Amino acid sequence: MYDHLGLHVGNLDASVTFYTAALAPLGHILCTKDETSAGIGPKGEPALWLYHAPGQSQGGVHVAFQAPDHAAIAKFHSEGLKAGGRDNGGAGPRADYSATYYAAFLIDPDGNNVEAVCT
Numbered sequence: 006m007y008d009h010l011g012l013h014v015g016n017l018d019a020s021v022t023f024y025t026a027a028l029a030p031l032g033h034i035l036c037t038k039d040e041t042s043a044g045i046g047p048k049g050e051p052a053l054w055l056y057h058a059p060g061q062s063q064g065g066v067h068v069a070f071q072a073p074d075h076a077a078i079a080k081f082h083s084e085g086l087k088a089g090g091r092d093n094g095g096a097g098p099r100a101d102y103s104a105t106y107y108a109a110f111l112i113d114p115d116g117n118n119v120e121a122v123c124t
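So for the sequence shown, our numbering puts the first residue at 6; every next one is plus one.
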C-alpha cells in the first residue's frame with residue numbers, strides 16, 4: 006500500500022546507525038545520505054526516509070517491517086540493541102495477535118516503536 010515513509014529525527018547520524026544495523030538482517034541497506042536526510046530500503050529502493058529535524062522528532066510512531074524468518078527477527082533485535090535501540094519486546098511468538106505471528110520490538114533513538122515481523 007505504501008511507497009515510502011518519512012520520519013523526523015533529532016540526530017540523523019544516530020538514527021542512520023540504528024536503522025542500518027537493525028534493518029540489515031531484513032535485507033535493507035543505506036541507499037542514500039546527505040546532511041539533511043537518509044534513505045534506507047532494499048538496494049536502489051529507499052522506502053524509509055529519515056529527515057534531520059532537531060526538536061521536531063515525532064516519537065510515538067509505530068513502524069513494522071516484514072522479515073523473512075525468525076532468525077532475521079532475532080538478529081534485528083540484537084543488532085538494533087547494539088546500535089542504540091531500547092528493548093520493547095524480544096523475538097518470539099505473539100499468539101494474542103495470531104497463531105503464526107512472530108515479532109520483536111525496539112524503541113529507536115527518537116522514541117518510535119519499530120517492529121520486525123513474519124507470519
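Think of the CB as a built atom: it goes at the ideal place given N, C-alpha and C, for glycine as much as any other residue.
Please read all numbers here as calculations on a predicted model, not as lab measurements.
Contact between VAL21 and LYS38 holds, since their C-beta atoms are separated by about 6 angstroms, short of 8 angstroms. Ranking ILE34, HIS9, THR41 by CA distance to the CA of HIS57 puts THR41 first.
Straight-line measurement puts the Cα of TYR102 at about 26 angstroms from the Cα of PRO114. In the three-state reduction of the DSSP assignment, ASP92 falls in the strand class, which pools E and B. In the structure shown, the three-state DSSP call for ALA100 is coil.
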